[in-house]
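Here the structure is laid out as structure tokens; the discussion comes afterwards.
Residue numbers (this note's numbering): 120 to 717.
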């Protein structure tokens, strides 16, 4: 606690803010210091809060994103003004597009200096407008105009971040307010407010209408989106799937909502989905979409011949989502319901058991899914066992799956580590995969893994990332070393922005600006991320053959030390079976996709 001639019944806002966060159950705050927020940092030093210090603000927002995905509660970012706030913006926007709850507290210039161009002020077009930088992507951006308003704004901020469709919010505070004194009662009255709102469900009549449609359907399919994970409705979804024997396709963000070894999981749809999964959703007569926006890549750019053909005379759609704007956004809806998925699925399960007590059996479908899995696995076996070096990406994924505990957290980034994982890598514990979806941000995975490890210190956390993504911000290693966080970063190093290089090679027959300079020997390529890890105080490994990778990974898991495994990889493209409109733009004659650049 900071003391500066404090009046009776009052306290410094910095002290009061820290107590408020503690009362809300906040344990960690992610951020980076600046002259506008050191009053809060100083108050935090003697509080029960732990400040997770980073070397770049983008790391703080990505780490807070990963933390919130694991805890299910709003994370907190403390930011400096202007460059601090803009540095953090990418991570906050990533959280926004994936509906991750987050409260960003940003310092600003002194309230009495607006428009005078003090140090680092942003005001080329308007005074006191720093907070507007975040307006396009946060749920709300507040500028605190008087110190007395901060307590109720903080309460509103947490409630908004965590309610409805979750997402980040910004509270912008002039730095002089942190050092102001206000009555303690202004904060104390916020304690009387509920800290969680009751969430909407569906009524029995609606549930019976939905269940009857699914019972009457000949080829029903569940389409699970990221909203299932946000609602933590995994168990309820599995119960629903088991009772009605409904096959489950999923979006990228829906990966792992039902364990991938469940006999009714079809897999991911869309551009990087499998042909079998796309065919099941294409031919479905009824689809029940749960917490999905039906995004472009998941839906093959909404072309009706590839993944979904929803509308008159084709598939009929039931769509349940917590956010009404998502329902019918991209496809016409037969039955739409605004509801929390955990609550809605509880009602659907009860009504389904009342209407069909014996359940439904679809043995032919279960066999067809099993046969497809066996066929798909057989096609990949050669690549998964290949001794080629640089390694085949399929071998990296196969070895990782064998070594990684079933309940380990895995963060992906972009490229093979995201698209290939979603297509070919089994997730057994719901909620254990953290993916950058809507923003598809390079650099998300390494920092999100830090946040996940802070939130779940006893679980194994692995970041699977490309060299392009890891190179975005390797300073994440400094935080891991300082906090003694045993994150393992597996860098799939293809010496390129591989997915884009493959796309450019296929359409333009060159890789200008998408690949990096190569050494004659793959082990002499720079940068050496293993050496960089060691320089930061972490363990660094650089396997020299495919056979060395899995033992290195097993040793890293056993060591419980922050470790980078920099593994050379062949830049083969992730197989695709759907479609993406960008292919039509680059090659309107058709028939062109991605190719290997090696």
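The beta carbon of each residue, even a glycine, is placed where N, CA and C say it ideally should be.
Query raised in the report: Between the C-alpha atoms of residue 361 and residue 468, what's the straight-line distance to the nearest angstrom?
Result: Using only the alpha carbons, I get a separation of about 10 angstroms.
Query - Straight-line gap, residue 393 to residue 228 (C-alpha atoms, nearest Å) - result: For residue 393 and residue 228, the distance between alpha carbons rounds to 52 angstroms.
Query - Whole runs of the beta strand (DSSP E) within the region 551-634, excluding any shorter than 3 residues - result: As far as the region 551-634 is concerned, its whole beta strand (DSSP E) runs of at least 3 residues are 580-585, 607-612.
Query raised in the report: For the region 627-684, which segments carrying the beta strand (DSSP E) assignment without a break, of at least 3 residues, lie completely within its bounds, in sequence order?
Result: List check, beta strand (DSSP E) in window: 658-660.
Query raised in the report: Between residue 240 and residue 201, what straight-line distance do the alpha-carbon atoms span, to the nearest angstrom?
Result: If you draw a straight line from the Cα of residue 240 to the Cα of residue 201, it is about 7 angstroms long.
Report task. Output yes or no for whether 8 angstroms exceeds the beta carbon distance between residue 687 and residue 510. Result -> Their beta carbons are under 8 angstroms apart, which means residue 687 touches residue 510 by this criterion.
Query raised in the report: Is DSSP giving residue 179 helix, strand or coil here?
Result: Residue state, collapsed to three classes: helix.
Query raised in the report: Would DSSP call residue 342 helix, strand or coil?
Result: Residue state, collapsed to three classes: strand.
Query raised in the report: Enumerated in chain order, which unbroken segments of the beta strand (DSSP E) with a length of 3 residues or greater are wholly contained in the region 394-467?
Result: For the region 394-467, whole beta strand (DSSP E) runs of length 3 or above, ordered along the chain, are 405-409, 435-440, 454-457.
Requested in this report: Could you tell me whether the region 209-222 touches the region 269-283, using the rule of 3 or more Cβ pairs below 8 angstroms?
Outcome: The answer is yes - the region 269-283 touches the region 209-222, with three or more Cβ pairs under 8 angstroms.
Report task. Report the rounded CA-to-CA distance for residue 459 versus residue 194, giving the unit in angstroms. Result -> Straight through space, the alpha carbons of residue 194 and residue 459 are spaced by roughly 21 angstroms.
Report task. Use the C-beta contact count for residue 401: other C-beta atoms within 10 angstroms, 16 or more gives buried, fewer gives exposed. Result -> Within 10 angstroms of the beta-carbon of residue 401 lie 16 or more other beta-carbons, which makes it buried.
Query raised in the report: Under 8 angstroms, do residue 344 and residue 409 count as touching if we go by C-beta distance?
Result: Yes, these two residues count as a Cβ contact at 8 angstroms.
Report task. If I'm right that residue 587 touches residue 616 with Cβ under 8 angstroms, what's the distance once you round it to whole angstroms? Result -> That belief holds up - the Cβ atoms of residue 587 and residue 616 are roughly 4 angstroms apart, short of 8 angstroms.
Query raised in the report: How would you call residue 513, buried or exposed, if buried means at least 16 neighbouring beta carbons within 10 angstroms?
Result: Classification for residue 513: buried.
**Report entry** Alpha carbon of residue 257 to alpha carbon of residue 264, nearest angstrom
**Finding:** A direct Cα-to-Cα measurement between residue 257 and residue 264 gives close to 19 angstroms.
Query - Residues bridged to residue 368 (per DSSP) - result: Answer is 342, 386.
Query - Extent of the continuous alpha helix (DSSP H) run through residue 362 - result: Per DSSP, the continuous alpha helix (DSSP H) segment holding residue 362 begins and ends at 353-363.
Report task. Step through the CB atoms of chain C and report whether any lies within less than 8 angstroms of the CB of residue 635. Result -> Among the chains in the structure shown there is no chain C, since it carries only a single protein chain.
Requested in this report: Given a cut-off of 8 angstroms, decide if residue 376 and residue 340 are closer than it, judged by their beta-carbon atoms.
Outcome: No, Cβ-Cβ distance for residue 340 and residue 376 is not below 8 angstroms.
Query raised in the report: Going by Cα to Cα distance, which pick from 213, 713, 669, 704 is closest to residue 506?
Result: The shortest C-alpha separation from residue 506 is found at 669.
Requested in this report: Along the alpha helix (DSSP H) that carries residue 705, what are the first and last residues, could you check?
Outcome: That run of the alpha helix (DSSP H) goes 700-705.
Query raised in the report: What three-state label does DSSP hand residue 292 in the structure shown?
Result: If DSSP states are grouped into helix, strand and coil, residue 292 belongs with the strands.
**Report entry** Closest by C-alpha distance to residue 260, when choosing among 557, 289, 232, 246
**Finding:** It is 289 whose Cα lies nearest to the Cα of residue 260.
Query raised in the report: Ordered along the chain, which non-local residues of its own chain (more than five positions away) have a Cβ less than 6 angstroms from that of residue 158?
Result: Counting only Cβ-Cβ distances below 6 angstroms, and skipping sequence neighbours, we find 133, 297, 298.
Query - alpha helix (DSSP H) segment containing residue 304, residue limits - result: Segment 303-307, the alpha helix (DSSP H) holding residue 304.
Requested in this report: List the DSSP bridge partners of residue 530.
Outcome: Paired residues: 553, 582.
Report task. Return yes when the Cβ of residue 199 is within less than 8 angstroms of the Cβ of residue 151, no when it is not. Result -> If you check the CB distance, residue 151 and residue 199 come in under 8 angstroms.
**Report entry** residue 610 and residue 685 closer than 8 angstroms at C-beta
**Finding:** Yes; because the gap between Cβ atoms is below 8 angstroms, this pair is in contact.
Query raised in the report: How is residue 319 classed by DSSP in three states: helix, strand or coil?
Result: Correct three-state label for residue 319: coil.
Requested in this report: Can you grab the Cα-Cα spacing for the pair residue 535 / residue 301, in whole Å?
Outcome: C-alpha separation (whole angstroms): 53 angstroms.
Query raised in the report: Under a three-way DSSP split, which group does residue 131 fall into?
Result: Strand, per DSSP.
Requested in this report: Could you work out which residue in 476, 353, 544 is closest to residue 67 when comparing CA atoms only?
Outcome: Shown here, the chain extends from 120 to 717; a query on residue 67 therefore has no answer.
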